[in-house]
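In what follows, a structure is listed as structure tokens, so that the remarks can point back to it.
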Amino acid sequence: MSDNPLPILNDLPVKLERDPFMRTLLRELSGTLQDVIGLEEAKGFISVVGQRMGEQINEEYCGTLQVPKLTREQVAQVLVDLKRRIEGDFYIIEQDDEKIVLGNRKCPFGDKVLDRPALCMMTSNVFGVIASENLGFAKVSIEEAIAYGDAGCRVVIYLQPTADAQAAEGREYYQT
Numbered sequence: 006m007s008d009n010p011l012p013i014l015n016d017l018p019v020k021l022e023r024d025p026f027m028r029t030l031l032r033e034l035s036g037t038l039q040d041v042i043g044l045e046e047a048k049g050f051i052s053v054v055g056q057r058m059g060e061q062i063n064e065e066y067c068g069t070l071q072v073p074k075l076t077r078e079q080v081a082q083v084l085v086d087l088k089r090r091i092e093g094d095f096y097i098i099e100q101d102d103e104k105i106v107l108g109n110r111k112c113p114f115g116d117k118v119l120d121r122p123a124l125c126m127m128t129s130n131v132f133g134v135i136a137s138e139n140l141g142f143a144k145v146s147i148e149e150a151i152a153y154g155d156a157g158c159r160v161v162i163y164l165q166p167t168a169d170a171q172a173a174e175g176r177e178y179y180q181t
């Protein structure tokens, strides 16, 4: 008996590769969570994963840059860079001492993010953890999202608990 009884399988044009498989897996997992326990609870589960990833990514950048804390300018650049590394297309719209505003033309989850707004909690938590760990406070407001059918994303990371920050819908993060 041959080790490969169906050698024809190797030549079949089956579209199954690791990256699309993992994005589809996350899409189906988040969709199942949204359907079974509801959107808010699904966001809660995904936010825990995002928080842990944010902590790891923050440690990686601080260690690589050999700094104990990132400056506001570095935080903004790191947020854009980390998304670039996972095939997002985030860019800085504006930044000052009160907020960082980012735009995005391409989601790292690709089309798998459509109708899966719970996946946006990955962005919120990673951004919120990195900003708050380095700057003390962050409130992340996702004003537009590809997941909701918008053409792109607009994410505001408030760095001070101003009246604008308090009025914005979003999640607050504090330095641990």
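Mapping of the sequence shown onto the numbering used here: residues 6 to 181, in sequence order. Note that beta-carbon positions come from the ideal geometry of N, C-alpha and C, so glycine has one too.
Would you kindly report the start and end of the unbroken beta strand (DSSP E) that includes Q100?
First-last of the beta strand (DSSP E) with Q100: 95 to 100.
Starting from K104, follow the beta strand (DSSP E) in both directions and report where the run begins and ends.
For K104, the enclosing beta strand (DSSP E) has its first and last residue at 104 to 109.
Does the Cβ-Cβ distance between K48 and C125 come in under 9 angstroms?
Yes, Cβ-Cβ distance for K48 and C125 is below 9 angstroms.
Buried or exposed for M6, please, with buried defined as at least 16 other CB atoms from any protein chain shown within 10 angstroms of its CB.
Because M6 sits at a pLDDT of 49, beneath the cut-off of 50, its placement in the model cannot be relied upon, and the following sentence gives the value as read from the coordinates. Exposed: under 16 other Cβ atoms inside 10 Å.
Let's see if you can read the secondary structure: which residues bound the beta strand (DSSP E) around K144?
Unbroken beta strand (DSSP E) run through K144: 142 to 149.
CB I62 to CB I135, shorter than 9 angstroms?
Yes, they are a contact pair.
Three or more C-beta pairs below 8 angstroms linking the region 109 to 129 and the region 28 to 40:
Touching, yes.
Once DSSP output is grouped into helix, strand and coil, what is the label at E177?
Per DSSP, reduced to three states, the secondary structure at E177 is strand.
In DSSP terms, what I162 is bridged to
BP columns for I162 point to I105, V145.
Restricting to Cα atoms, I'd like to know which of D16, P25, A173, R90 is closest to E149.
The shortest Cα separation from E149 among D16, P25, A173, R90 belongs to A173.
So, with DSSP's three-state summary, where would you put G157?
DSSP places G157 outside both helix and strand once states are collapsed to three, so it counts as coil.
Rounded separation between Q180 and E103 - CA only:
So the alpha carbons of these two residues sit roughly 16 angstroms apart.
Expressed to the nearest angstrom, what Euclidean distance is found between the alpha-carbon atoms of P25 and I91?
Counting only the Cα atoms, I91 lies some 13 angstroms from P25.
C-beta atoms of E138 and G59 nearer than 9 angstroms:
Using a Cβ distance threshold of 9 angstroms, E138 and G59 count as a contacting pair.
Between which two residues does the alpha helix (DSSP H) carrying T37 extend?
T37 -> alpha helix (DSSP H) spans 23 to 42.
For the putative contact between V80 and I105, defined by C-beta atoms under 8 angstroms, what is the C-beta separation to the nearest angstrom?
The pair is a contact, with the Cβ atoms about 7 angstroms apart (cut-off 8 angstroms).
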